[in-house]
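Chains as they are written, first to last, in numbering that gives the first Met the number 0: chain S, 0 to 372; chain H, 0 to 257; chain W, 0 to 324; chain A, 0 to 299.
Contents: one structure, followed by commentary.
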Amino acid sequence: MKRLFIALLMVLPLLASCTKKDNEITIGEYDSLTGSDATFGLSTNKGVRLAFDEINAAGGVKGKKLALITLDDQGKNEEAAAAVTRLITQNKVTAIIGGVASGRSKAAAPIAQAKGVPFVSPSSTNPDVTKAGDYVFRVCFIDPFQGSVMAKFAQENLKAKKVAILRDVKNDYSVGLADAFATDFKKRGGEIVTDVSYQAGDIDFKAQLTQIRSKNPDAIYVPGYYTEVGLIAQQARQLGIKAPLMGGDGWDSDKLSEIGKEAINGNYYSNHYTVESTDPAVTEFIKKFKAKYNETPDALAALGYDAAKILAAAMERAPDLSGKSIRDELAKTKDFPAVTGKITLNENRDAVKSAVVVQVEGQNRKYITTVSP
Amino acid sequence: MSDVLLEAKKITMQFGGLKAVDSVEFQIKKGQLAGLIGPNGAGKTTVFNMLTGVYQPTHGEVMLEGKSLKGLRPYQISHRGIARTFQNIRLFKGLTVLENVLIATHQHVNYGLMDTLLQTRKFIETEKALEEKAMALLEIFSLQSKAHEPASSLPYGQQRKLEIVRALATDPKIILLDEPAAGMNHSETHGLMETIAKIREQFNLTVLLIEHDMKLVMGICENIVVLDHGVKIEEGSPKHIQNSKRVIEAYLGVEETL
Amino acid sequence: MRALKNPLISLAAALLFGVAVQFGFNEYIQLLVLFVSVNCLMAMSLNLVNGYTGQFSLGHAGFMAIGAYFTAYASLHWSFLPPSLSALTFFIYAIGSGLLAALAGFLVGLPSLRLKGDYLAIVTLGFGEIIRVALLNMDFLGGPRGLANIPGFDSFYMSYAFAMLWILICFFTIWRVMKSSYGRGFLSVREDEIAAEATGINTTGMKVRAFVLSSFFAGVAGALFAHYTNFINPSSFTFLQSVNAVIMVVLGGMGSMSGSIAAAIIVTVLPEALRPLQDLTGIDLRMVIYSLALILVMILRPKGIFGELEITDIWRKYVRRSARS
Amino acid sequence: MQDFVQHLINGISLGSIYALIALGYTMVYGILKMINFAHSDVYMVGAFASYYVARAFGIEAHPGVGTLAILLISSMVCCSLLGVVIERLAYRPLRNSPKLNILITAIGVSLFLEYGSQVVFGADPKVFPEVMKDFVIFSFGNVELKSFDVTVLGVSILAMIGLQFLIYKTKVGKAMRAVSSNASVASLMGVNPDKIIAFTFIVGSALAGVGSVLVGMKYPKIDPLMGMMIGMKAFVAAVLGGIGNVRGAVLGALIMGLSEEMVVAYMSSTYRDALAFSILIAILIFKPAGLLGKYSVEKV
């Protein structure tokens, strides 16, 4: 029995066959489908698959069907690098739709750049990602912009003078947003009374919140993921903190209100789009998404959808399917009518688009204002 | 320099309130075969452990050739020349017989990491010399045929001999044997006596022996120290010990006077 | 110099194999080969502490992190040699990473030497976490954002040759140390510390040497990792990375160099080899299968694939048996 | 000054949560001298069991004593079953193989549970059913002593006393201690080690089940990886107190909870884990067998 088992272990590597039909364009996608930020990877993947279904139903690109290969990076940088290398060299993908977390994108994008394969990240907001090279694009705004959106909102709408920051020190998205918010808010004359941190995976924040309470800020900026923000909101109310909480697009999920319950109501966060928007592109997207997955799409699903649509449009416009021509077409994307607003890609290939600020009211998100770049 | 090799000066060992050994004092002369006896729990092994640095005496100190061993770790004491065996054999079971002995020669090694990596002449020659020395020792105790066998495969008697050979390989001045004859039948004990005699005359070694087998102790020891309840109650030649009233009482209990 | 004979022969053989990989396989397999070499260094070096000296270290990733960050910072900010000599500069940086990690190994080794078994594991685990959290808070090292665009080698072959050079340095260092009196000292500490001390072995000194030597090569492994992934941040060096190193040592066989190398290959290749299964089942079962395989190997073959034997012993055993029959 | 009292309450409540899980680690280690890495994942499975039972009974929105009872029982039963199955399949075959093999197997089981439940339950976080309403028992100024904090502390103290009684005052406890010091000799004395070890896993895992419900009450977010972080902290607390010592586990856990709270409150929150581990290392260096553990000097 032992020999058999060891032999089986040896033979598996030879299994690495790959099937590639010729009348299809294969697009690669890698994301965290397991591990700590699995939920974001799963939402993005749903958005991308919905977009692909629509494009294929409408005849695909240049008459060819789009095939999607999705690999899981388990939330680890070296896995993301391995997955992208595999997609490019093994599965010979034409283009890559990147992952959510900026850390993974920074590990994977240089590989696509070196191989001349267009890389579109739906939601990595860290500024360094597109610095990897001219093949690397993104369809979302970047941290400095999103941070300043909330700084402007806090000062003008909430009239907050003293703000506390509670950041997730293990997550570069959260650190990026917190720093951007702090610099912009100070420039506007506001005061950051305290800057305390927690780590993704924590469940108890009483210590940090008790310390924040002693500074009695007018508002608290918590640029983390909804998985922790729900608990933070609850514990803040339990400690009698009345000040409103603010956050970024990491808040966007219906689980936020399930976990936060009433404690989360009345708080604000910046986002790529709002479900309440009357723009037909948005309402159409939500209807189709609910039909396919019977759940309301979050911002990441919308961004996955937009990334796929923008990529497909660029490939349709491109004279041929070589990496270079797709890259040039992508760079020319201007006022693309996407679900998350009109998308124009600027010279460093970041999306120049407006952000919305919404207020949490139970399951729905009340639209408050739009902030353009 | 007086011919005293190893001296215990009022050594005491206190575990919490209990005084396992209470200011015991004795001297062992160079080349002597001394014995340390006493009923179970008399503190023999504790004295042994204090001599070899496993325990640091709470009071008093141990002197080797007039130099104090206070505060020294067991391996430093071994370098000074005191070697020991253990009550229940502690060989390096997973290693071969030869390796067990070679480990004891580590203190004589004079090559460094660089010599090892570059396999310099110094390294190769030292290794060869150490191996020859170890094999020679094994040969004296007719264990050389088993040199590459794992130590655990040896029968009990030979394991005990190997432990003694390992102790000899550290070039000691004195060797402390902790109940070497324990669990041995008559012929094996006889073999042990020969081994001890061979050690003394071939390596002119001083030997300190803890033992319950009175025939063995009375047979070969020149001077015997008797402990009871952590206190030294008698010291002297085997004949003197045999008819000392206090020793008999300690072992056999007080006579019932009707 | 007779001493350099077999290292040079094995280096030549390894480089030849590299040529085959260069042309035979695509970049994905090549990247995998580079990750295997990093894991090889981690497994061989940890085998010195867990396998030969019988001490239980769960902080190996901490030393790897120190090595990775030193090389990354050095490659990004210092450049005292012309870029054409990048291989030489990277070699010097790798030595620096090793020395820095060795210093950390010394600092970790000292206090934890009175501790045994699980308690030592906890202290080393603690040190690993302290290093990771310290890196998280060092802004000049990028904190959670980490360090990106770390210069690597221009071609796969250069990276591969660099890795093979280090693997052989590590292999022959440990192989020769284990064949010397120091090696026997390590083994004696594993077998019975009390007896070793009584036989004149400075067991504390031995354990510190094992820690220092092993963390040196873990630092070098970190340096290679930094060059090959071009981006590092603290979350690449978590407690799970240390556990991975321990798994490789135990899976390969405690105290067996060839075992560690074989296990490093399996532990790196297996999860990637299982990816095609994902196309069939649609869900990613790789880690589920990997953990089940782990449990089965521990039950079916507790002493690991090679046990305490080296490939040379097996070769001699089978060659002699086939010669005889 | 009030903040200090609030930090004290938070620290003790956090510590008592670590205690519930640390007790599980200490019990298994005390008997088997084995670190059961999978223990924190048994805790996670307990949380999911309560989640699905509550949905099955449709009681996830009716907090009350009835709900609490149902969830506690279902979680304890499910965890105990899982604990026994793990022991029977993964640990028993390795009963007398080297320590490191058992550790790797335990890590294998832990990974299997973590990634297996990501496939079975899905990787997204779920909301723990509302079990009891949290109400304020005592408050002055802005310091509040909540019912949850008191329940968790009470249950962990009760569990400690119960375990102490079980191990030192009952026949089964005597058998457990016999197996712990020498399993083979114990079997000569008519004690069936397999049964006793299985029983230890039942009690240890049941404790994890209780822990998962109480933690779920206070922090209603559960996901397949929730056991990782809290498991490591509880394990470190068990070692801090002297692994294998029941009172030590609770003491270690309270120290862990309080030190984390005070570090974040008065020093720097970013260095919380680093300082928590530094305290642990400092204690272990002076007391190599943990606070209450006895440093068994090897008889020569």
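Beta carbons are placed, not taken as given, at the ideal position from N, Cα and C, and that holds for glycine.
For clarity, every value in this text was computed on a predicted model and none was experimentally measured.
Under the Cβ criterion of 7 angstroms, Val-168(S) is counted among the residues facing chain A.
Collapsing the DSSP output to three states places Thr-188(H) in a helix. The C-beta of Gln-89(S) comes closer than 7 angstroms to at least one C-beta of chain W. One finds Ser-268, Thr-269 in chain A with Cβ atoms closer than 7 angstroms to the Cβ of Ser-196(S), taken in chain order. Residue ranges of uninterrupted alpha helix (DSSP H) with 4 or more members, entirely inside the region 189-234 of chain A and ordered along the chain, are 192-217. In the displayed model, Leu-273(W) falls within coil according to three-state DSSP, outside both helix and strand.
Going by DSSP, Met-62(H) is part of the beta strand (DSSP E) stretching over 58-63. About 19 angstroms separates the Cβ atoms of Ala-263(W) and Ala-64(W), ruling out a contact at the 8 angstroms cut-off.
According to DSSP, Phe-118(S) shares a beta bridge with Ile-95(S), Val-135(S).
Identification of chain W residues near Val-174(S) by a Cβ-Cβ cut-off of 9 angstroms yields Gly-142, Pro-143, Arg-144, ordered along the chain.
Your pair Gln-207(S) and Tyr-197(S) checks out as a contact, with CB atoms roughly 6 angstroms apart and the cut at 8 angstroms.
In terms of Cβ geometry, Asn-90(S) and Ile-68(S) form a close pair [threshold 7 angstroms]. Counting along the chain, the unbroken beta strand (DSSP E) around Thr-205(H) starts and ends at 205-209.
If you look at Val-149(A), you'll find it in the alpha helix (DSSP H) that goes 146-168. For the set Met-49(H), Ile-27(H), Met-192(H), the Cα lying nearest the Cα of Gly-229(H) is the one of Met-49(H). Closer than 7 angstroms to the CB of Asn-229(W) there is not a single CB belonging to chain H. The beta carbon of Asn-136(W) sits closer than 8 angstroms to the beta carbons of Gly-142 from its chain, once the five residues preceding and following it are set aside; these are given in chain order. Interface flag for Arg-89(H) against chain W is set, since a Cβ pair is found closer than 7 angstroms.
Between Ser-269(S) and Leu-250(W), the alpha-carbon positions lie close to 49 angstroms from each other. Under DSSP, Arg-83(H) shares a beta bridge with Leu-175(H). Under a criterion of Cβ atoms nearer than 7 angstroms, the residues of chain A adjacent to Met-286(W) are, in order, Leu-110, Tyr-114. In the three-state DSSP reduction, Ser-196(S) falls in the strand class (E or B).
Ala-317(S) sits in coil when the DSSP states are folded into three classes, being neither helix nor strand.
Selection Ser-241(W), Val-20(W), Phe-22(W), Thr-203(W) evaluated against Leu-109(W) yields Thr-203(W) as nearest (Cα-Cα). Shortest Cα-Cα distance from Leu-208(H) to any of Glu-200(H), Phe-202(H), Ile-219(H), Gln-201(H) involves Ile-219(H). Val-84(A) is classed as exposed because its beta carbon has fewer than 16 other beta carbons within 10 Å across all chains shown. Counting along the chain, the unbroken beta strand (DSSP E) around Lys-18(H) starts and ends at 17-28.
Glu-190(W) belongs to the set of residues whose beta carbon lies under 7 angstroms from a beta carbon in chain H.
According to the DSSP assignment, Arg-120(H) belongs to the alpha helix (DSSP H) that extends over 120-139. DSSP places Ser-152(H) in no alpha helix (DSSP H); its state is neither H nor E. If the five residues before and after Ser-73(A) are omitted, its C-beta is found closer than 7 angstroms to the C-beta atoms of Ala-48, Ser-49, Val-52, all from its own chain and listed in chain order.
Scanning the region 48-87 of chain S from its first residue to its last, the whole beta strand (DSSP E) runs of 3-plus residues come out as 64-71. For Thr-339(S), the closest of Pro-296(S), Ala-81(S), Ile-26(S) by C-alpha to C-alpha distance is Pro-296(S). In this structure, DSSP gives Gln-21(W) a helical state, which the three-state scheme calls helix. At a beta-carbon threshold of 8 angstroms, the residues of chain H lying near Arg-175(W) are Thr-115, Leu-116, Gln-118, ordered along the chain. Residues are counted here when their Cβ sits less than 8 angstroms from a Cβ of chain A; for the region 38-61 of chain W these are Asn-49, Phe-55, given in chain order.
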